[in-house]
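Inspection log for the structure reproduced underneath, given as structure tokens.
Chains as they are written, first to last, in our numbering: chain A, 1 to 401; chain B, 402 to 802; chain C, 803 to 1144; chain D, 1145 to 1486.
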């Protein structure tokens, strides 16, 4: 057990911190949450800066144009960026975290050359077309159909939870090429140009009022066969390769953000006098302990990945535990805000640093913690089967509704 | 909605209260928990007194020799007995609450004449032979085998969770008469004389250190065919008739006891100063609210039974909610006792009414609340399927292990 | 004893439900989402015609002369339809203000007690004509007064958490108006009780929506409602809902039948008034929990769809948050009950 | 950074586990259940021979000169085997008392802080030769002293909750003995940390027993471990266990590597000592929760069998209750962490 930084890790952190200190003040003001074109411009500008400084694709291999940083360096990168208040990966996340790594691992030379550099440089924005209205937790039941027509696949169906589809250049798309019952064995992974005719993007309003997500309706969209990554009907395996990149440090930004929010909530509790209530204090202490342990868990997971290349059991456990702690934090914040927690626009205050709008939005978003990126129910299945070795449930076969 | 007592209900309560006031002081001292013969004598004496006063079989029909009291009167009976500190039904419970009602409903004239009066008068004590080591939640998988041999069934197998088997005269016994795979359709309900050769009773020590329960080992025990209640292989239905008597007011005594314990814990918290902690106070308030609502729920359930003959949805919900509230009470008590909660024998105190041994035993027993009489997992299945109408899980057929 | 709805009470409930199904279906309710004013006066008048706001007013005053049980039955039905507006305040005001009972005047509630150093808000600022103002907890036996909306200085809050509960920020604490009732305690108790009844309706809305979705939605070739993970979540919500519902019924009944409060109080070493307070605070506590928990579970059961604006669960979730806050939080209720546990 | 056990630490753990499998199997541990003395001196000597009680003593003093990480590794292994006796006290005493490090003298722990008006107990009164006495929280910078068992007036408690933790009631608060350490704070911190490590072992015992049973036990023609109701209970326990385990590892590591506590403290506005306290209190809090919750779940998964004395889960459950109480409860730990959250 060694938590001391190596000289190389220290140097990496120092360089990054210096770069962030000089670079962040040059950024323009953050655009409005609803102005998609401005957000694209802002996020891709940040990606250009990262690219120029050699931080683009921090986790990508050197030969793919990335930084090839070690897992510990990746963690330091996320930690320093979060602490310095740097922009999130933003609109670049599908390209940088999903599509790019998949193309690098499973694509052919031409695909790598065509797509990877422009993801790294921020020129291209990608979106994801995996989930469907009828295929959420059970992704393998997806029904968006691709029919071969000469050198093209002709794709019809619909996708949901597609982030920032309005401004994306490409979409990583899963389609059914096998029979209706083929499930995992009849899925293909395609690159879809978002300018293709037949794509309709319909914004999907969430319960926080944002339109971060969209539905995609695909009507005879023609996609060249050369845009297929991996073999036909081998898309499930290709996808699993992508998903395996998600584990480990996936929620580090969110965790550090929760830790910051807890500190700020503690300050608020002191301002309002609620900190004088031992019941409230204990809840703050419990949350603090949970977040600290999840931060330690992250370090252990990263250490395992560093040594063995595999992140170990920490990542799966992390998601389950973090999402519940995050909800407890959000609930506590609403209780401490009282009536002020009923307003989503900033309230006028005297003396108290309230930020009620931020808290209320965080509370609403907390409902999604146990749903997005795999519901807690699915996470518990994974933990109990893959880690505890408990038997799977009996499978039901036959036509789905 | 009317919570006012009718004149008849008031009269019933007044008579009972007067009778309890004169009768309870005549009772001998309670015997030691471990002295089974003395406990039998004590409990059957109490039953004789109830019988003489016309309170025996309060819920049994008049024609079976019972009181034929209305559901509301039954509730009043339990309430007044609990509040007056009267003995529990004790060793009589299997005869009075399970076996007797079953024989009355499903037995023949000879069986009713032979067994019912002696249950009511306290002369006979019964025990229950339903659960088996391999058949708990899944009672229908029981394997104790009965083979017909002329006018007898020859029974071999084992039973578990048999209360006070050491001093019982008869056992209501479920046996398999059908094929191994027959499940619900191959079970028969028998009356077993506990003096029959081939019965071995082995005490089963619980985690509280008591031997309230026993295992029964049956080796070629011969039971006359005339002791069969209902048809051969019809025992599941016969049993369900019994179980349906269990609902409604089944846990009233426990609930009233929990309410008493909460009052006493509140007094202790005031003695120790813990009541000055708002976090502790709120937990007391939450428990108080839960128990009060379960008491109101009981009244609603009883009212439904009074009017429609069917207790409605309250009983199933009650068990689920009560068992969790009871565990929260037990946990709170241990936190308030602190170190004193680590001793199961009474501690010397000055000034504080501690009763630490009672609290510690209640804590240990609280673990059984979510297990006995149907685990909470099984209760949730029942609630979700029978009340919410959610679909059953896919059944797995085939040989059980 | 017959602790069930009487035939008259069932008829009242069914009549109201039938009105609400027709005139306050989900589309109608949702049509005013996010607007500064959420009460359509013509629909409000229909509720008034059905006697909703006259339910507690005496027959001598032209009211229905019914009790808290009936009022709670009505509020649960209104909650199960997510009906917006100052329902509880108008029903309470309707006891003594003919203009509220008739639906002409909409009366909100405001309690000076909560707040501390944090900003104070006014609910439904563009719908209410006036407010019943309850004194703060430190103010002793101060009266409940009625103030006209027009006398209050406020700033509109552009976006409120609940799109069906618009808000304004108060520029200053509300001063007393004309006396509505010299005793604040019974008014506060009724307000908490009726709010709890509405919350039971919300919980019921969330639960049954989730149950319906769980039966319909298939994943892994099964309705998701056949998975124990889903079934057991919903079973626990039913248990919470039933506990809250029966707690509301009990509190309402003993408020209407004080002789029962005397007897039940004796058992617990409490006066009839204390016994009633314990019952009301318990009901509010359990109803807060039931409404918030059912909504959370319903979002979870709906999965990603539960996180969309289109699925109406978030409306129940947000309203539950509002109602669990404004007249006294669950923590306050638990403190009241603890102080009355002896 | 490499936040994993080093090869040496793995070897230490595996060596100890192998000793424990051989000499402290469940039968051996259970053979002393309910007895007034639960430590078999010959087995204790074997632990001493393996260096358990010399683990923190410096090499100059003939100890192993290892750190809290190694001590925590050892305690987790001992906890997973339910090993009874004054392990934590003897390890801490072993730093400065050769007789404790060698296993000749068994040293218990006693904190004057808990209690108030309630009776005070002494753990393992017939096994310990002496006790390290920690000052009460109101006593300022009082030292830790060592008192001989023979000087303490006690009454035996006939039945203790945990049949492997016999108790006596103290006739009077324990007075100071000879000074063991002038600073109580680091001793208390080590005691909490090592107790937390033992609790992680208990949680692991309960969880893996329950998992094994869930795979083996069939009902409704399926292993019960294939039902989501069971699987998800156990998955949540694993999450609690892993959080506790990594919190213990973190607290142990920064105690051993104070330069890390300096850096981590700066991020949170804390001194290195405060940072370490927050980590230790967090670890104890999470370990209390993990051990109690895993035992409860394991009882539930075992169903009726879990309620029998024969199945050993209750031993883990009762020990967890003892350890979550004596040196400072979860509530105390949460208060410490909250005070250090800025």
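Built from N, CA and C at the ideal position, the CB exists for glycine as well.
Identify the contact partners of residue 1373 of chain D in chain C, using a Cβ-Cβ distance below 7 Å as the criterion.
Along the fourth chain, one-based indexing puts residue 1373 of chain D at 229. Ordered by position in chain C, the residues that pass the 7 Å Cβ test against residue 1373 of chain D are 1030 and 1034.
Name the chain D residues whose beta carbon is nearer than 9 Å to that of residue 303 of chain A?
Along the first chain, one-based indexing puts residue 303 of chain A at 303. The answer, in chain order, is 1145, 1146, 1147 and 1148.
For the candidate residues C/866, C/809 and C/803, whose alpha-carbon lies nearest to that of residue 408 of chain B?
Along the second chain, read from residue 1 onward, the residue named residue 408 of chain B stands at position 7. Nearest of C/866, C/809 and C/803 to residue 408 of chain B, Cα basis: C/803.
Residues of the segment 680–704 of chain B with Cβ closer than 9 Å to any Cβ of chain A, in chain order:
680, 681, 682, 683 and 684
For residue 593 of chain B, report the span of its alpha helix (DSSP H) as first-last.
If you number the second chain from 1, residue 593 of chain B lands on position 192. First-last for residue 593 of chain B: 588–594, but that is the beta strand (DSSP E), not the alpha helix (DSSP H).
Flag residue 648 of chain B as yes if its beta-carbon sits less than 8 Å from any beta-carbon of chain A, otherwise no.
In the second chain, counting from the first residue as 1, residue 648 of chain B sits at position 247. Unreliable positioning characterises residue 648 of chain B in this predicted model, as indicated by a pLDDT of 46, which lies under 50. A coordinate reading is not provided.
For residue 1475 of chain D, tell me which candidate among A/315, A/289, A/21 and A/306 has the shortest Cα-Cα distance.
Working through the fourth chain from its first residue, we reach residue 1475 of chain D at position 331. Nearest C-alpha to residue 1475 of chain D: A/289.
Identify, in the order they occur along the chain, each residue of the same chain with its Cβ nearer than 8 Å to the Cβ of residue 1187 of chain D, setting aside the five sequence neighbours on each side.
For this step, residue 1187 of chain D is matched to residue 43 along the fourth chain. Within the same chain, residue 1187 of chain D has close Cβ partners 1167, 1168 and 1172.
What residue range does the alpha helix (DSSP H) around residue 261 of chain A cover?
Locating residue 261 of chain A in the first chain gives position 261, where the first residue counts as 1. Segment 252–272, the alpha helix (DSSP H) holding residue 261 of chain A.
Own chain, CB closer than 7 Å to residue 421 of chain A, minus 5 neighbours either side, in chain order:
An answer regarding residue 421 of chain A cannot be provided, because it is not within the stretch 1 to 401 covered by chain A.
Any beta strand (DSSP E) of 3 or more consecutive residues that is wholly inside the segment 1245–1288 of chain D:
As far as the segment 1245–1288 of chain D is concerned, its whole beta strand (DSSP E) runs of at least 3 residues are 1251–1255, 1265–1267 and 1274–1278.
Tell me the DSSP bridge mates of residue 558 of chain B?
If you number the second chain from 1, residue 558 of chain B lands on position 157. In the DSSP output, where bridge partners are listed per residue, residue 558 of chain B has B/619.
Could you confirm whether any beta carbon from chain D is found closer than 8 Å to the beta carbon of residue 169 of chain A?
Translated into positions along the first chain, residue 169 of chain A becomes position 169. No, no contact with chain D.
What's the gap between the Cα of residue 1002 of chain C and the Cα of residue 1010 of chain C?
Looking up residue 1002 of chain C in the third chain gives position 200. Looking up residue 1010 of chain C in the third chain gives position 208. Taking the straight line from one Cα to the other gives about 12 Å.
To the nearest angstrom, report how far apart residue 220 of chain A and residue 156 of chain A are at their CA atoms.
On the first chain, residue 220 of chain A is found 220 positions in, with the first residue counted as 1. On the first chain, residue 156 of chain A is found 156 positions in, with the first residue counted as 1. In this structure, the alpha-carbon of residue 220 of chain A lies about 5 Å from that of residue 156 of chain A.
According to DSSP, simplified to helix, strand and coil, what is residue 1146 of chain D?
Residue mapping note: residue 1146 of chain D aligns to position 2 of the fourth chain, counting from 1. Residue 1146 of chain D: strand per DSSP, three-state reduction.
Taking the alpha-carbon positions, what's the residue 138 of chain A to residue 1022 of chain C distance?
Within the first chain, residue 138 of chain A is the residue found at index 138, counting from 1. Within the third chain, residue 1022 of chain C is the residue found at index 220, counting from 1. So the two alpha carbons sit approximately 6 Å from each other.
Using the three-state DSSP reduction, which class does residue 1429 of chain D fall into: helix, strand or coil?
Taking the first residue of the fourth chain as 1, we reach residue 1429 of chain D at position 285. Here residue 1429 of chain D sits in helix by DSSP.
What number of angstroms, rounded off, separates the C-alpha of residue 1132 of chain D from the C-alpha of residue 1321 of chain D?
Examination of residue 1132 of chain D is not possible in this model, given that chain D is present from 1145 through 1486 alone.
Specify the secondary structure class of residue 826 of chain C as computed by DSSP and reduced to three states.
Counting from 1 along the third chain, the entry for residue 826 of chain C is found at position 24. Of the three classes helix, strand and coil, the one that applies to residue 826 of chain C here is coil, per DSSP.
Bridge-paired residues (DSSP) for residue 1313 of chain D
Position 169 of the fourth chain, counted from the start, is the residue given in the question as residue 1313 of chain D. D/1265 and D/1299, per the DSSP bridge assignment.
Please decide whether residue 1270 of chain D counts as near chain B, where near means a Cβ-Cβ distance under 8 Å.
Sequence index remark: in the fourth chain, residue 1270 of chain D carries index 126 (1-based). No, residue 1270 of chain D does not count as interfacial toward chain B.
First and last residue of the beta strand (DSSP E) that includes residue 146 of chain A?
As a position in the first chain, residue 146 of chain A is number 146, starting the count at 1. Looking at the DSSP string, the run of the beta strand (DSSP E) that includes residue 146 of chain A is 145–149.
Can you pull the chain D residues whose beta carbon is under 7 Å from the beta carbon of residue 538 of chain B, in chain order?
Stepping through the second chain from its first residue, residue 538 of chain B is reached at position 137. In chain order: 1363 and 1447.
State yes or no: is the beta carbon of residue 396 of chain A nearer than 8 Å to at least one beta carbon in chain B?
Here residue 396 of chain A refers to the residue found at position 396 of the first chain. Answer yes: the Cβ-Cβ gap between residue 396 of chain A and chain B drops below 8 Å somewhere.
What does DSSP give as the partner residue(s) for residue 223 of chain A in the beta ladder?
For the purposes of this step, residue 223 of chain A is identified with residue 223 of the first chain, where counting begins at 1. Per DSSP, A/153.
What residues of chain A sit near residue 921 of chain C, judged by a beta carbon separation below 7 Å?
As a working mapping, residue 921 of chain C is identified with position 119 in the third chain. Here the neighbours are 340, 347, 348 and 349.
Please confirm if residue 1017 of chain C has its CB atom under 8 Å from at least one CB of chain B.
As a working note, residue 1017 of chain C is residue 215 in the third chain. Residue 1017 of chain C counts as touching chain B.
Hey, how far is the Cα of residue 949 of chain C from the Cα of residue 966 of chain C?
By 1-based counting over the third chain, the position of residue 949 of chain C is 147. By 1-based counting over the third chain, the position of residue 966 of chain C is 164. A direct Cα-Cα distance of roughly 23 Å separates residue 949 of chain C from residue 966 of chain C.
For a cutoff of 8 Å on Cβ pairs, would you count residue 1453 of chain D as touching chain B?
In the fourth chain, the residue the question calls residue 1453 of chain D occupies position 309. With 8 Å as the cut-off, residue 1453 of chain D counts as an interface residue toward chain B.
Closer than 7 Å by beta-carbon distance: list the chain C residues that pair up with residue 379 of chain A, in chain order.
Looking up residue 379 of chain A in the first chain gives position 379. Those within 7 Å of residue 379 of chain A in chain C number zero; the least Cβ separation is about 11 Å.
Among C/1109, C/1036 and C/1069, the one whose alpha carbon lies nearest that of residue 791 of chain B
Position 390 of the second chain, counting from 1, holds the residue named residue 791 of chain B. When each option's Cα is compared against that of residue 791 of chain B, the closest is C/1036.
If I follow the unbroken alpha helix (DSSP H) through residue 1026 of chain C, where does it start and stop?
In the third chain, counting from the first residue as 1, residue 1026 of chain C sits at position 224. Here residue 1026 of chain C belongs to no alpha helix (DSSP H), and DSSP marks it neither H nor E.
Quick one, which residues of the segment 134–162 of chain A are near chain C if we go by CB-CB under 9 Å, in chain order?
Result list: 134, 135, 136, 137, 138, 140, 141, 160 and 161.
Looking only at C-alpha atoms, which of B/709, B/727, B/436 and B/560 sits nearest to residue 685 of chain B?
If you number the second chain from 1, residue 685 of chain B lands on position 284. Residue 685 of chain B has its Cα closest to that of B/727, out of B/709, B/727, B/436 and B/560.
Interface residues of chain B around residue 431 of chain A at Cβ under 8 Å?
With chain A running from 1 to 401 in the structure shown, residue 431 of chain A is simply not present.
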